[in-house]
Amino acid sequence: MNLTRLGVVLAAGALVTAGCGVSQDVADSDLTATSFGSSVLEAQEKAGTAHVIVTARTGGLEPELEGDVRVVKGDEAADLSVSAEPVTGGRLIIVDQVLYLQLRGLTPQGTYAKADPRDPDDAAGQFIGELLSRVDLSNPIRMFKAVESVERGGVERLDGVDTRKYTVTIDPRKAARALGFGARDLGSGPEKPIEYDVWVDGDDLVRKIDFDTRGLHVTVVFTDWGKDVDISAPPADQVRDRPLISG
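At position 76 of the sequence shown the residue is numbered 76 (this note's numbering), and the sequence of numbers has no breaks.
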């Protein structure tokens with residue numbers, strides 16, 4: 001895996017009460033490089049689920065993913081709509097480490113392509129299985145285990161929720177190693193540290209992530225932390241027998 005693909009992985013993914021005035025928890029919030037990763041990871045694990053919107057802007061394109069995710073380690077899942085003009089109406093489901101993709105031009109209407117890591121003849125499934133065994137769906141947040149520095153910013157209100165903005169610097173090679181990638185995966189090319197603007201609420205839940213890397217601008221917005229979600233595989237009669245990629 002080269003660093004270009006690694007950049008996509010780190011971007012992907014990731015991989016979410018209002019009151020009058022500023023809540024005391026947000027006002028007192030002072031996460032550091034040492035505490036940032038553990039605090040936000042503990043909060044998301046406790047919440048378990050979220051609604052997420054991921055927007056990536058590059059070269060005039062603006063693909064977007066939106067839907068529900070379950071970020072409990074060992075029980076990760078996602079059900080996301082996929083929109084990338086002129087392609088719209090796509091859907092991405094991940095359940096039990098199996099990926100199902102519905103996308104105009106790739107799959108017949110109403111059907112899903114499947115990538116199953118347990119199928120030895122499924123080339124896409126093998127890659128995705130290896131990836132998901134190392135990188136769970138909370139990837140955009142789990143990367144914060146590799147924080148280099150944290151700069152505390154001001155209080156901002158997002159979607160009716162008080163948050164504090166932090167500028168977090170991460171070395172992507174250290175982040176990749178924290179996610180389980182080896183030296184061969186990383187390649188030899190250097191990569192500059194990436195600055196993430198991260199908005200965190202009074203419960204240490206991440207509400208927004210914004211960053212730029214390699215000509216790609218990514219915004220991830222989390223809402224509805226802890227809400228009930230229903231994420232399941234599509235009906236068997238809607239899943240194609242052929243793998244996503246033959247190999």
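All residues carry an ideal CB built from backbone N, CA and C; glycine is no exception.
V206 and D241 have their alpha carbons spaced roughly 39 Å apart. If you ignore the 5 residues before and after L103, its C-beta comes within less than 6 Å of the C-beta of G90, all in its own chain and listed in chain order. For the 8 Å CB-CB criterion, V54 and L65 form a contact. Linking A236 to V82 through their CA atoms gives a straight-line distance of about 21 Å. Around the Cβ of R164, a 10 Å sphere holds 16 or more other Cβ atoms; the residue is buried. Scanning G105, Q109 and V95 for the CA closest to the CA of A115 turns up V95. Taking all protein chains in view, the Cβ of G74 is surrounded by fewer than 16 other Cβ atoms within 10 Å, so the residue is classified as exposed. Between the alpha carbons of G202 and R152 lies a distance of about 14 Å. Residue pairing from DSSP places V220 in a beta bridge opposite V54 and I209. In this model, D210 and V198 are separated by some 7 Å (Cα to Cα). Ranked by Cα distance from D159, the options A50, V221 and G48 are led by V221. Only exposed fits L106, as fewer than 16 other CB atoms lie within 10 angstroms of its CB. Beta-carbon to beta-carbon, I93 and A78 are separated by about 7 Å, close enough to satisfy the 8 Å threshold. Distance between Y196 and H51, taken at the CA atoms: about 20 Å.
Where K114 is concerned, the enclosing beta strand (DSSP E) starts and stops at Y112 to A115. In this structure, the alpha-carbon of V147 lies about 23 Å from that of D162. Close CB contacts of G67 within its chain, under the 6 Å cut and outside five residues either way in sequence, are with D79, L80 and S81 (chain order).
Assigned with DSSP and collapsed to three states, E156 falls in strand. In the same chain as V150, and ignoring 5 residues on each side of it, the C-beta atoms closer than 8 Å to its own belong to L31, T32, A33, F36, Y166, T167, V168 and T169, in chain order. Here K46 is exposed: its Cβ has fewer than 16 other Cβ atoms, across all protein chains shown, within 10 Å.
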